[in-house]
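K.L.:
The listed protein sequences derive, respectively, from chains A and B. Taking the numbering used here, the leading residue of the first sequence gets 1, the next gets one more, and so forth. Taking the numbering used here, the leading residue of the second sequence gets 271, the next gets one more, and so forth. Built from N, CA and C at the ideal position, the CB exists for glycine as well. Sharing a structure, written as structure tokens. Questions coming.
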Amino acid sequence: MNYQPSLPEHNDNVSHQHPVREFFVLITGVLVFVLIGYWALGLFVDVAVDYLSSEQEATFFSKVDINWDFGEESMPEEQAKLQGLVDAFKPCLSLPYPITVSLVNSEVVNAMAIPGGKMVVFSGLLDALSSTNGLMFILAHELGHFKNRDHLRLMGRGIVLSILAMLAFGGDSGFSDILASTINLRTAKYSQTRESQADHTALQALQCHFGHVGGATELFKTLQSQDEEADFEMLHYFSTHPELQQRIEDLNQLAQELGFPVQETKDLVL
Amino acid sequence: MDSLTIFLILLVLGFVFGKLAEGRHYRSIQAREEMLVRLPATSCKKPIGNSSPIGHAELVHGHVVISVDYFKQLLAGLRNFFGGTIQSYETLLDRARREAVLRLKESCPTANEILNLRIETSSISKGNSGDRIGSVEVLAYGTAIYYQQASPQHSRP
């Protein structure tokens, strides 16, 4: 037996497929899986929320203390007045549990319903509105989310998404953190159907409280004009006009159908 | 958004530097393999060359630890999900195995033959969350034999 010194002509122990191609194929597969899973489990959440009674919800969240940490609450007087405005809807909206308002110092023009009967209002919203009616509409809109239990749906979907991300990418891959930070609660949105349902509830509550629905579209109009300015400065790639315009039109149409009059609004004093 | 940026930077850095390091390593491996190709290293238990009397034999070993880059690690993680060959780790292990054998050969340049070559692999991974280290150690060991007449000047205790 003689030794023949030679080296193999080519390396059969490694694959010669391009790794970048493999990466895109794999990541597309994972994302498709996550999207399908998210959609299917989202439907499941909707069904589960319908089965969960308000008492069960209240019991659960009274025991669980979630630290949402949206920011600083430094305006106790305004917060108390907002609470008064929310409480004023009691005769008009049958809510199964009391809602606590917290006013957070932030430029964000938004308000949100979070589980446990807590409503967060960002002070940017108060700056963007000039009438009490406009503010009350937004508060009623959030109460509408509570009434329609959208806050539970949103949280359920959030939980589903983080579980899926962990399954798909592993808890320690960094991917899960990225998804969690991308889907920020602060910017979370409900589906359009949920929003228009809440708008519907809010419009009826506004009519019930004031006897007219003046100011209902105030915030949307303000946001729309802000967007127009931004467009003029070429800052926005994606205009949000159609969505806002649609909401304004829907509200006007609904008010007309239900025969709700539009009257003068009261100035916002907090 | 910040974490997404960091992730993409890490991904690109991992890919670019991983590719550069791998190319450099392969060039070095190929050059050294050609230099050392005349030193037989086999898994046989008996010498395959001439049957000259053996002067002395010794245990030789070579080992290497190579780490995986971020891009390869991510690719392997994604593979975990679907199953199949983890192609991104193939070059890593191929390099480690060949490097370990080269180091073994380099440790006994005057030997006539290396018998009973064995290669062992172990993964070095520490921690289970966040910054897991993905490294591999390959150890090659064998018996280097020196023929009496081939290297008369070579004598060790």
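#1: Taking the alpha-carbon positions, what's the Thr240 (chain A) to Ala165 (chain A) distance?
#2: Kindly list, in the order they appear in chain B, the residues whose Cβ is closer than 9 Å to that of Tyr97 (chain A).
#3: Does any residue of chain B have a CB that is nearer than 8 Å to the CB of Gly37 (chain A)?
#4: How far does the alpha helix (DSSP H) with Phe70 (chain A) in it extend, from its first residue to its last?
#5: What residues from the stretch 17-34 of chain A come within 7 Å of chain B, judged by C-beta to C-beta, listed N to C?
#6: Within its chain, find whatever has a CB closer than 8 Å to the CB of Ser264 (chain B); leave out the 5 residues flanking it on each side and keep chain order.
#7: Leaving out the 5 sequence neighbours to the left and right, which residues in its chain are closer than 7 Å to Gly214 (chain A) when beta-carbon positions are compared?
#8: Run the CB neighbour count on Arg308 (chain B), radius 10 Å, all protein chains shown included, and call it buried at 16 or more, exposed below.
#9: Of the residues A:Val120, A:Ala198, A:His209, which one's Cα is nearest the Cα of Asp250 (chain A)?
#10: Give the DSSP-derived three-state secondary structure of Asp150 (chain A) in the structure shown.
#11: Verify the CB distance criterion: does Val334 (chain B) have a CB-CB separation below 8 Å to chain A?
#12: So, do the stretch 125-145 of chain A and the stretch 23-30 of chain A have three or more beta carbon pairs nearer to each other than 8 Å?
#13: Tell me the rounded alpha-carbon separation between Pro161 (chain A) and Leu154 (chain A).
#14: How about Phe341 (chain B) and Gly284 (chain B): are their beta carbons less than 8 Å apart?
#15: So, is the C-beta of Val108 (chain A) closer than 8 Å to a C-beta in chain B?
#16: Helix, strand or coil for Asn184 (chain A), going by three-state DSSP, please let me know.
#17: Tell me the residue span of the alpha helix (DSSP H) that contains Ser123 (chain A).
#18: Relative to the C-alpha of Tyr411 (chain B), which candidate in B:Thr275, B:Arg349, B:Glu328 has its C-alpha closest?
#19: For Phe60 (chain A) and Met136 (chain A), what's the separation of their Cα atoms in angstroms?
#20: Find the nearest neighbour of Arg157 (chain A) within the set A:Asn110, A:Asp12, A:Ala128, A:Pro115, judged by alpha-carbon distance.
#21: Using a 10 Å radius around the Cβ and a threshold of 16 neighbouring Cβ atoms, would you call Gly259 (chain A) buried or exposed?
#22: So, is the C-beta of Pro5 (chain A) closer than 8 Å to a C-beta in chain B?
#23: Quick one: what's got a C-beta closer than 6 Å to Ala255 (chain A)'s C-beta in the same chain, skipping five residues either side?
#24: Check whether the Cβ atoms of Glu407 (chain B) and His331 (chain B) lie closer than 8 Å to each other.
#25: Measuring straight from C-alpha to C-alpha, what distance separates Met119 (chain A) and Ala111 (chain A)?
#26: Checking contacts by CB at 8 Å: is Asn11 (chain A) closer than that to chain B?
#27: Glu303 (chain B) versus chain A: which residues are under 8 Å apart at the beta carbon?
#28: Enumerate in chain order the residues of its own chain whose CB-to-CB distance from Val101 (chain A) is below 7 Å, with the five nearest sequence positions on each side excluded.
#29: State the DSSP-derived secondary structure class of Leu103 (chain A), mapped to helix, strand or coil.
#30: Starting from Glu292 (chain B) and walking both ways along the alpha helix (DSSP H), at which residues does that stretch end?
#31: What residues of chain A sit near Arg349 (chain B), judged by a beta carbon separation below 9 Å?
#32: Compare the C-beta of Ser321 (chain A) with all C-beta atoms of chain B and state if any pair is closer than 8 Å.
#33: Tell me which same chain residues have a C-beta within less than 7 Å of the C-beta of Phe454 (chain B), skipping the five on either side of it?
#34: Excluding the five sequence neighbours on either side, which residues of its own chain have a C-beta within less than 6 Å of the C-beta of Lys315 (chain B), listed in chain order?
#35: Specify the secondary structure class of Thr391 (chain B) as computed by DSSP and reduced to three states.
#36: Measure the C-alpha to C-alpha separation of Phe210 (chain A) and Ala88 (chain A) and round it to an integer number of angstroms.
P.N.:
Considering the structure as presented:
#1: Residue confidence is low: Thr240 (chain A) scores 44 on pLDDT, short of 50, so the model does not pin down where it sits. Its coordinate-derived value is still stated next. In a straight line, the C-alpha of Thr240 (chain A) is about 29 Å away from that of Ala165 (chain A).
#2: In chain order: nothing, as chain B lies at least about 36 Å away.
#3: no
#4: Per DSSP, Phe70 (chain A) belongs to no alpha helix (DSSP H) and is neither H nor E.
#5: Gln17, Pro19, Glu22, Phe23, Leu26, Ile27, Gly29, Val30
#6: This structure cannot speak to residue 264 (chain B), because chain B is shown only from 271 to 427.
#7: Asn133, Val262, Gln263, Glu264, Thr265
#8: exposed
#9: A:Ala198
#10: helix
#11: no
#12: no
#13: Strictly speaking, residue 161 (chain A) in this sequence is Leu, with Pro absent from that position. Near 10 Å, if we compare the C-alpha coordinates of Leu154 (chain A) and Leu161 (chain A).
#14: yes
#15: no
#16: At Asn184 (chain A) the pLDDT is 48, less than 50, meaning the model places this residue with poor confidence; the figure from the coordinates comes in the next sentence. Coil.
#17: 123-128
#18: B:Glu328
#19: 29 Å
#20: A:Pro115
#21: exposed
#22: yes
#23: Val213
#24: no
#25: 7 Å
#26: yes
#27: Leu7
#28: Gln79, Leu82, Gln83, Val86, Met119, Val121
#29: strand
#30: 272-306
#31: Glu22, Leu26
#32: Any question about residue 321 (chain A) goes unanswered here, given that chain A covers just 1 to 270.
#33: The requested residue 454 (chain B) does not occur in the structure, where chain B is confined to residues 271 to 427.
#34: Asn386
#35: strand
#36: 11 Å
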